[in-house]
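In full-length UniProt numbering, the protein residues as written are 1 to 355. All residues carry an ideal CB built from backbone N, CA and C; glycine is no exception. Keep in mind that this is a model prediction, so the values were computed, not measured.
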């Protein structure tokens, strides 16, 4: 029997927390956006949800505590499958995000300035989604595909705004909106013969997924320790500019640390790390490096030996932070392992048989 598990790769559409932990553990299908301040009065959309038995998401600028408590009580009683979210963004950008969500789901943003209030709204204002996944920090809305044409038009409209925008910050935010509207959800199916193998494969897939997300955020660099090795070669110029001898010693330590990963990879592959380092540095091609899997020197980018830039950066930052903590500490407590004593043999047992 083969065990299988589905791993959902979800693109967070909006970085916004759910309003109450009691409203969290549900997966909703229908998305409703509404105006600020949900008041505890009679709402047709909520009554329709109770009668129809379908889950509903309410997105608002804010929700009064009394109204939120009412929603929580109805959720706990099982009368209403609901989740309440605070609208993402600030100011005008918040309104734009709500419009994007409405287009994605085919819903209507309820605004008093256009004469539409929540207490008078009918179920026609509700949007639809195949799935909405809520976590502690993010909300992922998966469209049902029925509004793809409208989404494409919205993306084209935002692209026109990018061309007209003058500030880089504004262009960045507009690109984020396009990414959120154009994002999707993929499902990776992992199969294995045993549960132990399945868990191990699942961890590998999740690790690859996290690395991919990091690469999307900050790009990639040559892997196999080659990027750090080439950074180490740049330390000498920095060292020569230092006047303090202690700082020069620190620069030497950093240089040795940067060259160590490649040497360790080479050692684990059964080759001399110093020889590998010299050969890699002898080439001016920054993509040139040692592929420990094949034992060849080649273009690591073309071979797929890469690291996310964010991972390399964070490793350097965290390592320097730990080193700084050690330097500023008065003392450090470590565990000294005592060497294991070899048990003495039986002097009478010379033949290998005991008497």
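Original post:
CA-CA distance, residue 241 and residue 247?
Top reply: 10 Å
Subject >> Simplified DSSP assignment, three categories, for residue 337 >> reply: coil
**OP:** Along the alpha helix (DSSP H) that carries residue 74, what are the first and last residues, could you check?
**Re:** 65-77
**OP:** Following the continuous alpha helix (DSSP H) through residue 109, name the residue where it begins and the one where it ends.
**Re:** Neither: residue 109 is in no alpha helix (DSSP H) and is coded neither H nor E.
Original post:
Quick one: what's got a C-beta closer than 8 Å to residue 106's C-beta in the same chain, skipping five residues either side?
Top reply: 127, 128, 146, 147 and 150
Subject >> Straight-line gap, residue 34 to residue 50 (C-alpha atoms, nearest Å) >> reply: Note that residue 34 scores a pLDDT of 40, beneath 50, so its modelled location is shaky; the value from the coordinates is reported in the next line. Taking the straight line from one Cα to the other gives about 18 Å.
**OP:** Starting from the Cα of residue 123, find the closest Cα among 212, 97, 108 and 216 and give me that residue.
**Re:** 108
Original post:
DSSP beta-bridge partners for residue 289?
Top reply: 298
Original post:
Just to confirm, are residue 235 and residue 213 a CB contact at a threshold of 8 Å?
Top reply: no
Original post:
Between residue 170 and residue 305, what straight-line distance do the alpha-carbon atoms span, to the nearest angstrom?
Top reply: 35 Å
Original post:
Should residue 73 go down as buried or exposed, given a rule of 16 or more other Cβ atoms within 10 Å for buried?
Top reply: exposed
Original post:
Using the rule of at least 16 other Cβ atoms within 10 Å of the residue's Cβ for burial, across every protein chain shown, is residue 314 buried or exposed?
Top reply: exposed
Original post:
In or out: residue 363 buried (at least 16 other Cβ within 10 Å) or exposed?
Top reply: Missing from the structure shown is residue 363; the chain here goes from 1 to 355 and no further.
**OP:** Give me whichever residues DSSP pairs with residue 101 in a beta bridge.
**Re:** Looking at the DSSP assignment, residue 101 forms no beta bridge with any residue, so it has no partner.
**OP:** Output the distance between the C-alpha atoms of residue 233 and residue 291, rounded to the nearest integer angstrom.
**Re:** 20 Å
Subject >> Cβ of residue 191 within 8 Å of any chain C Cβ >> reply: No chain C is part of this structure, which consists of one protein chain only.
Original post:
Whose C-beta lies closer than 8 Å to the C-beta of residue 258 among residues of the same chain, with five residues either side of it excluded?
Top reply: 228, 229, 231, 232 and 235
Original post:
So, helix, strand or coil for residue 62, using DSSP?
Top reply: coil
Original post:
Taking just the CA atoms, how far does residue 261 sit from residue 75?
Top reply: 53 Å
Original post:
By the 10 Å Cβ neighbour count, where 16 or more other Cβ atoms means buried, how is residue 249 classified, buried or exposed?
Top reply: exposed
Original post:
How far does the beta strand (DSSP E) with residue 325 in it reach, from first residue to last?
Top reply: Unbroken run through residue 325 is the alpha helix (DSSP H), 309-328; no beta strand (DSSP E).
**OP:** Could you check what DSSP says for residue 154 in three-state terms: helix, strand or coil?
**Re:** helix
Original post:
In three-state DSSP terms, what is residue 248?
Top reply: helix
Original post:
Is residue 173 near residue 77, with beta carbons less than 8 Å apart?
Top reply: no
**OP:** Whole angstroms is fine: what's the gap from residue 325's alpha carbon to residue 317's?
**Re:** 12 Å
Subject >> residue 193 versus residue 202: straight-line alpha-carbon distance, rounded >> reply: 13 Å
Subject >> Range of the contiguous alpha helix (DSSP H) that encloses residue 279 >> reply: 273-281
Subject >> Environment of residue 331 [buried if 16+ CB atoms lie within 10 Å] >> reply: exposed
Subject >> Selected residue, minimal CA-CA separation from residue 61, among 204, 224, 79 and 85 >> reply: 85
Original post:
Just how far apart, CA to CA, sit residue 88 and residue 152?
Top reply: 22 Å
Original post:
For residue 219 versus residue 289, is the C-beta distance shorter than 8 Å?
Top reply: no
Subject >> Residues near residue 215 in its chain [Cβ-Cβ closer than 7 Å; skip 5 each side] >> reply: 308
Original post:
If you check the beta carbons only, do residue 277 and residue 263 fall under 8 Å apart?
Top reply: yes
Subject >> residue 208 versus 299, 301, 133 and 311, residue with shortest Cα-Cα distance >> reply: 311
Subject >> Nearest to residue 140 (by Cα), restricted to the options 199, 333, 319 and 83 >> reply: 83
Subject >> Cβ-Cβ distance between residue 59 and residue 101 below 8 Å >> reply: yes
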